[in-house]
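Following: one structure in structure tokens, then a few remarks.
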Amino acid sequence: MKTWMKTTIAAALAATAAFGATAAMARGGHCDGYGYGYGHGPMMQRLDPAQLSERIAQRAETRLARLELALALKPEQQDAWAQFKGAMLVRAKSAGERMAAFRQGDRPDTALERLQRMEEMSRVHQTELAETRRAVEAFYPRLSEAQKKVFDADFHMGPQGGKAERGPGMRPGRGGAAEPGPGPGPARN
């Protein structure tokens, strides 16, 4: 084979390998596409809706247990914590049920239907955020200054969790919260 042909073939192979590696990295380094994406840990897409709802509730309980340990609550703070934790678990359960229903539902066919569904999801999310804010407002004043610092650092809304829970493909975002790294969509830079 001629030298220029060998060089062309080698360059094509290198470009193909580089493209494949780039695609794998864009998926969080997992070639099967089930890596850490926005709001999903590994294997979340593979779970059936009932398992997904249960997994979301379990993750919320785990995060709340870690937060409770980090706060080192005093006995007089336990009632406020129980109310706060209850509100957070109700939110996690409803989010899990909603996500399960979303996965089972039909996908909208038109752009208008997709936009309407996104508007509805946004309204539900805004309502949940307001409820969460009220729960935090009721609990937060009962904390000492040191506990408030811990709470501020460790309490995060949504699937990304605290800094310690950041997984592969996750990068620090604005304000120290974890954000997904480059994923299948456009980069966030």
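Residue numbers (mature numbering (1 follows the signal peptide of the UniProt record, and there is no 0)): -26 to -1, 1 to 163.
Every residue gets a Cβ at the ideal spot worked out from N, C-alpha and C, and that includes glycine.
Distance between residue j and residue i (C-alpha atoms, nearest Å)
i: Lys123; j: Gln100; result: 26 Å
i: Ala(-13); j: Asp22; result: 39 Å
i: Glu42; j: Arg77; result: 32 Å
i: Gly136; j: Leu45; result: Low per-residue confidence applies at Gly136: pLDDT is 45, beneath 50, and the placement is therefore not dependable, though the value from the model is reported in the following sentence. Each residue's Cα considered, the two are about 14 Å apart.
i: Glu93; j: Thr36; result: 31 Å
i: Gln57; j: Thr106; result: 12 Å
i: Gln51; j: Ala34; result: 20 Å
i: Phe129; j: Ser96; result: 22 Å
i: Asp80; j: Gly60; result: 32 Å
i: Lys48; j: Arg29; result: 30 Å
i: Gln32; j: Ala(-17); result: 50 Å
i: Phe126; j: Val64; result: According to the sequence shown, residue 126 is Asp rather than Phe. Looking at the two C-alpha atoms, the distance is approximately 21 Å.
Three-state secondary structure (DSSP) of residue i
i: Asp128; result: helix
i: Ser118; result: coil
i: Thr36; result: helix
i: Ala138; result: In this prediction, Ala138 scores a pLDDT of 46, lower than 50, which makes its location untrustworthy; the coordinate-derived value is nonetheless stated afterwards. Three-state result, Ala138: helix.
Contact check, residue i vs residue j, beta carbons under 8 Å
i: Met62; j: Ala112; result: no
i: Ala74; j: Ala24; result: yes
i: Arg91; j: Pro82; result: yes
Anticipated Cβ contact below 8 Å, residue i with residue j, distance rounded
i: Gly70; j: Leu26; result: 7 Å
i: Arg116; j: Ala54; result: 5 Å
Proximity test, residue i beta-carbon vs the ligand FMN heavy atom, cut-off 7 Å
i: Ser118; result: Of ligands this structure carries none, so the ligand FMN is not represented either.
*Which ranges does the alpha helix (DSSP H) cover as unbroken runs of at least 4 residues, wholly within the region 45 to 102, from first to last along the chain?*
52 to 78
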